[in-house]
Amino acid sequence: MKENAFEALTVETLPGRLGPVAAIAERIGADSNLWKVREVGDGNLNLVFIVEGEKGTVIVKQALPYVRLVGDSWPLPLKRSFFEYHALSRQAERAPGTVPAIHHFDEAQALIVMEFLSPHIILRRALIEGRRLPKIARDLGLFMAHTLFRGSDLSMKASERKADLALFADNVELCDITESLVFTDPYFEAPMNRHTPGLEALVKELRADRDLKVEAQRMKHQFATRAETLVHGDLHSGSVMVTDTETRVIDPEFAFYGPMAFDVGMLLANYWMSFFSQRGHESAGSREEMRAYLLGVIDETWNTFRNEFARLWHTERKGMLYDAALYEARNDGLASEQALNHVIHDIWTDMLGFAGVEMHRRILGLAHNADFEDIADEAQRASCEAAALKFGRHIIVNRNKIQSLAELDMLAQALDQGKLS
């Protein structure tokens, strides 16, 4: 594609405009007249096309100069594709095989051509359907440990990390979206908020909850000021594609340098929301086994992350933080373990706060989860969401007192079964 003014692709114009790109033609066939193009984007921000040729298939993703969910009344810079490209490149280095391969990037046209993942489906859809995927917990626990540790001052050269921090610091507008839509808007009557009818009393109670609002803003403070590592920035169940044997992470356009706990909290929040939504998806039978599976996934994800993070601490801690010269080199392994325990504890505590905020914003804010939205019975949906809101409130406000996932399992089950009000 020629370097010229941005122009949004369409199904009709894509073959003519991308046909001359050698990296694409080599993979799917040089005759663009034979390409089959489908627009499949169902996200909030971008155009996404599946392009099939005689030799193969690719995905073409193009940013739009506005928020697609809202329209051109909410402008958004095209540079977010630049950050997605660079985030995917770094994730591919730090956690090989976990993200789609990139075939072509056009900064001027804000588009990325990448590997077509098939027969993968979106993780959220699989969980709504009640599928129990055997590898997601381990795969995503490892992904987070590898990307978060290796993108931090625990591992990187200080000069390289500072240069990278400066690069991603320009992803201002997408950070602004998170800071507003996730951490602030759910807690007052923001114009674009919405919630399921029947939740009015609980919503009013939450928005008047002084402790909750203070703690939610403390989490926002952490998000805005704790530039620990390169985070995915939007790691929910809609940003993961799966089969029974493979897990891939997509859509890191919100990437920036932030708290290690943010990705972990966002992902686990989506598992907890899936747990609380299951009663709304029982038309074909009980989802009791699915609920037990999801609690097991949460447990295994956290334990995998924690254990792999600890392994990397002992084998790849070559950055400026917690210099081995102070610990292992002085035969003081106990001090190293003590430092590691402090780091893991901080991630655990912050993870709970971020998870609770994510649960609230997905029920009270602008962008809701299909886990709940696909529940046709409005009263049932409100009941599921109410349990999730109460759970989210508890883990935000009490995060410094919570010691284990076992106690959270008990709380989640009690709320889900209506044993706690």
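Note that full-length UniProt numbering gives residue 211 to position 211 of the sequence shown, counting from 1, and the numbers run on in steps of one.
Backbone N, C-alpha and C fix where the C-beta goes; we use that ideal spot for every residue, glycine too.
Using C-beta distances below 7 Å, list every residue in its chain close to residue i, excluding the 5 sequence neighbours before and after it, in chain order.
i: residue 189; result: none
i: residue 128; result: 281, 370, 371, 374
i: residue 110; result: 6, 62, 63, 78, 81
i: residue 145; result: 305, 308, 309, 312
i: residue 44; result: 67, 68, 69, 367
i: residue 324; result: 317
i: residue 409; result: 295
i: residue 207; result: 187, 188
i: residue 143; result: 95, 98, 249
i: residue 398; result: none
If I follow the unbroken alpha helix (DSSP H) through residue i, where does it start and stop?
i: residue 387; result: 378–397
i: residue 232; result: Note, residue 232: premise wrong, no alpha helix (DSSP H); not H, not E.
i: residue 149; result: 136–150
i: residue 213; result: 210–225
i: residue 356; result: 333–364
i: residue 373; result: 370–373
i: residue 307; result: 288–315
i: residue 65; result: Element bounds for residue 65: n/a, residue is neither H nor E.
Count the other CB atoms, across all protein chains shown, that sit within 10 Å of the CB of residue i; report buried if there are 16 or more and exposed otherwise.
i: residue 200; result: exposed
i: residue 232; result: buried
i: residue 403; result: exposed
i: residue 194; result: exposed
i: residue 100; result: buried
i: residue 46; result: buried
i: residue 259; result: buried
i: residue 338; result: exposed
i: residue 151; result: buried
i: residue 192; result: exposed
i: residue 98; result: buried
i: residue 277; result: buried
i: residue 87; result: buried
i: residue 106; result: buried
Could you check the C-alpha separation between residue i and residue j for me, to the nearest Å?
i: residue 64; j: residue 96; result: 29 Å
i: residue 240; j: residue 83; result: 18 Å
i: residue 418; j: residue 202; result: 15 Å
i: residue 2; j: residue 363; result: In this prediction, residue 2 has a pLDDT of 49, which is less than 50 and means its spatial position is unreliable; nothing more can be read from the coordinates.
i: residue 18; j: residue 24; result: 8 Å
i: residue 446; j: residue 332; result: The requested residue 446 does not occur in the structure, where the chain is confined to residues 1 to 421.
i: residue 220; j: residue 179; result: 7 Å
i: residue 300; j: residue 205; result: 34 Å
i: residue 108; j: residue 351; result: 37 Å
i: residue 222; j: residue 235; result: 17 Å
i: residue 9; j: residue 137; result: 36 Å
i: residue 169; j: residue 283; result: 47 Å
i: residue 411; j: residue 391; result: 7 Å
i: residue 400; j: residue 356; result: 13 Å
i: residue 395; j: residue 272; result: 12 Å
i: residue 15; j: residue 74; result: 29 Å
i: residue 37; j: residue 31; result: 13 Å
i: residue 298; j: residue 41; result: 28 Å
i: residue 244; j: residue 126; result: 10 Å
i: residue 216; j: residue 134; result: 33 Å
Who are the near neighbours of residue i in its chain, counting only those whose CB is closer than 6 Å to its CB and skipping five residues on each side?
i: residue 262; result: 231, 354
i: residue 237; result: 123, 124, 270
i: residue 186; result: 360, 361, 364, 365
i: residue 327; result: 335, 336
With a CB to CB cut of under 8 Å and the five nearest residues on each side skipped, what residues in its chain are close to residue i?
i: residue 57; result: 28, 50, 51, 116, 118
i: residue 414; result: 420
i: residue 103; result: 23, 24, 27, 58, 113, 114, 115
i: residue 210; result: none
i: residue 132; result: 289, 290, 293
Answer yes or no: does any C-beta atom of chain D fall closer than 8 Å to that of residue i?
i: residue 240; result: No chain D is part of this structure, which consists of one protein chain only.
Residue i lies in the beta strand (DSSP E); which residues open and close that run?
i: residue 85; result: It is not in any beta strand (DSSP E) - residue 85 instead sits in the alpha helix (DSSP H) that spans 80–94.
> Does the pairing of the region 380–393 with the region 333–351 give three or more beta-carbon distances under 8 Å?
Replying inline: At 8 Å Cβ cutoff, the stretches do not touch.
> Does the count of Cβ pairs from the region 242–255 and the region 162–181 closer than 8 Å reach three?
Replying inline: Inter-segment contact for the region 242–255 and the region 162–181 is present: three or more beta-carbon pairs are separated by less than 8 Å.
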